[in-house]
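Below is one structure, written out as structure tokens; the observations come after it.
Residue numbers (our numbering): 385 to 496.
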């Protein structure tokens, strides 16, 4: 078996701890690329996406765009009836755009 790189090891560690403490709450999953950031709220029990937002077509700096994505996701989650989630940062460090998205989602009313 090939050795896992640092990103994959972090991702596996985060997902394992989320399964242990998530209970029945949906998961707020974040994916980051060099240009964009994507976030979605997933109900793993039913296997479907409840709300999603991304920076495709957005203007402004990366941090501003990530903040807008967090706010949009919180609004869509409220419309779908979701108030509490677990934050799944994947293998990404909780810093910069990922942190800005999380803080904006918290300010928008999501609890995690």
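Positions of the beta carbon are idealized from the N, C-alpha and C atoms, including for glycine. Given the structure is predicted, the values throughout are model-derived calculations rather than measurements.
Q) Taking DSSP as the reference, what is the three-state secondary structure of residue 390? A) helix
Q | Own chain residues within Cβ distance below 8 angstroms of residue 487, not counting five before or after | A | 451, 454
Q | Status (buried if at least 16 other CB within 10 Å, exposed otherwise) for residue 430 | A | exposed
**Q.** Buried versus exposed, by CB contacts within 10 Å (16 or more), residue 386
**A.** exposed
Q | Length-filtered (4 minimum) alpha helix (DSSP H) runs lying within the region 445-487 | A | The qualifying runs are 446-464.
Q) If we ignore side chains and look at the alpha-carbon of each, how far apart do residue 456 and residue 435 end up? A) 9 angstroms
Q: Return no unless some Cβ of chain C is closer than 7 angstroms to the Cβ of residue 439.
A: As a matter of chain content, chain C is missing from the structure shown, which is built from one protein chain.
(Q) Less than 7 angstroms between the beta carbons of residue 475 and residue 395, yes or no? (A) Between residue 475 and residue 395, the CB-CB gap stays under 7 angstroms.
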